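Numbering (my numbering), first residue to last: 1 to 95. See structure below.
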Amino acid sequence: MAAPVGGLATGALGTVLLAAAWKACDVGVNGAANGLALAFYGAVLTTVAAVWWGVLVGYLGRWSLAVSLLGGIAGAAAIVWIFVALLHVPNGYRC
Numbered sequence: 001m002a003a004p005v006g007g008l009a010t011g012a013l014g015t016v017l018l019a020a021a022w023k024a025c026d027v028g029v030n031g032a033a034n035g036l037a038l039a040f041y042g043a044v045l046t047t048v049a050a051v052w053w054g055v056l057v058g059y060l061g062r063w064s065l066a067v068s069l070l071g072g073i074a075g076a077a078a079i080v081w082i083f084v085a086l087l088h089v090p091n092g093y094r095c
């Protein structure tokens with residue numbers, strides 16, 4: 001149960017942060033283009049995060065649930081950070 005919930009939460013957080021970065025930097029053609037890109041990137045992020053949560057909680061959760069949840073949160077934070085760092089300045093645009 002932790003994998004889908006953790007994946008969705010991580011995907012939503014990453015998508016919201018990326019949308020805020022794009023809005024602050026005025027990135028993109030228009031709202032529709034940005035929305036479609038965010039939907040695609042959010043789906044990819046959600047899938048990657050759900051796999052991370054599933055593997056970590058499924059493997060470490062047998063021994064220590066607290067450690068697996070902390071590892072899941074730390075990994076999700078790293079995944080979101082990488083996601084936003086790679087995509088917040090497309091084509092080298094700096095704001």
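Positions of the beta carbon are idealized from the N, C-alpha and C atoms, including for glycine. Only a predicted model underlies this, so the values are computations on that prediction, with no experimental measurement involved.
Checklist entry - If you run the structure through DSSP and keep just helix, strand and coil, what is Gly11? => result Numbered from its first residue, the sequence shown carries residue 11 at position 11. Looking at Gly11 - three-state DSSP - the assignment turns out to be helix.
Checklist entry - If you run the structure through DSSP and keep just helix, strand and coil, what is Gly42? => result The count along the sequence shown starts at 1 and reaches residue 42 at position 42. If DSSP states are grouped into helix, strand and coil, Gly42 belongs with the helices.
Next on the checklist: Excluding the 5 residues flanking Val48 on each side, which residues of the same chain have their C-beta closer than 7 Å to its C-beta?
Outcome noted: Residue mapping note: residue 48 aligns to position 48 of the sequence shown, counting from 1. So the qualifying residues of the chain are Ile79.
Checklist entry - Which one of Gly14, Val44, Cys25, Val51 has the shortest CA to CA distance from Ala2? => result Against the sequence shown, residue 2 aligns to sequence position 2. When each option's Cα is compared against that of Ala2, the closest is Val51.
Item to check | Member of Ala19, Ser68, Val27 whose CA lies at the smallest distance from the CA of Trp53 | outcome: Counted from its first residue, the sequence shown places residue 53 at position 53. Trp53 has its Cα closest to that of Ser68, out of Ala19, Ser68, Val27.
Item to check | 7 Å CB neighbourhood of Val84 in its chain, flanking five on each side removed | outcome: As a first step, residue 84 is located in the sequence shown; it is residue number 84 there, counting from the start. Only Gly14, Leu17, Leu18, Ala21 meet the Cβ criterion.
Item to check | Option in Leu87, Val44, Val57 with minimal Cα separation from Ala101 | outcome: No information on residue 101 is available, as it lies outside the stretch 1 to 95 that the chain covers here.
Next on the checklist: Measuring straight from C-alpha to C-alpha, what distance separates Ala37 and Val44?
Outcome noted: Position 37 of the sequence shown, counted from the first residue, corresponds to residue 37. Position 44 of the sequence shown, counted from the first residue, corresponds to residue 44. Straight-line Cα distance between these residues: approximately 11 Å.
Checklist entry - Would you call the CB atoms of Leu87 and Tyr41 closer than 8 Å? => result Numbered from its first residue, the sequence shown carries residue 87 at position 87. Numbered from its first residue, the sequence shown carries residue 41 at position 41. Against a cut-off of 8 Å, the Cβ pair of Tyr41 and Leu87 comes out as a contact.
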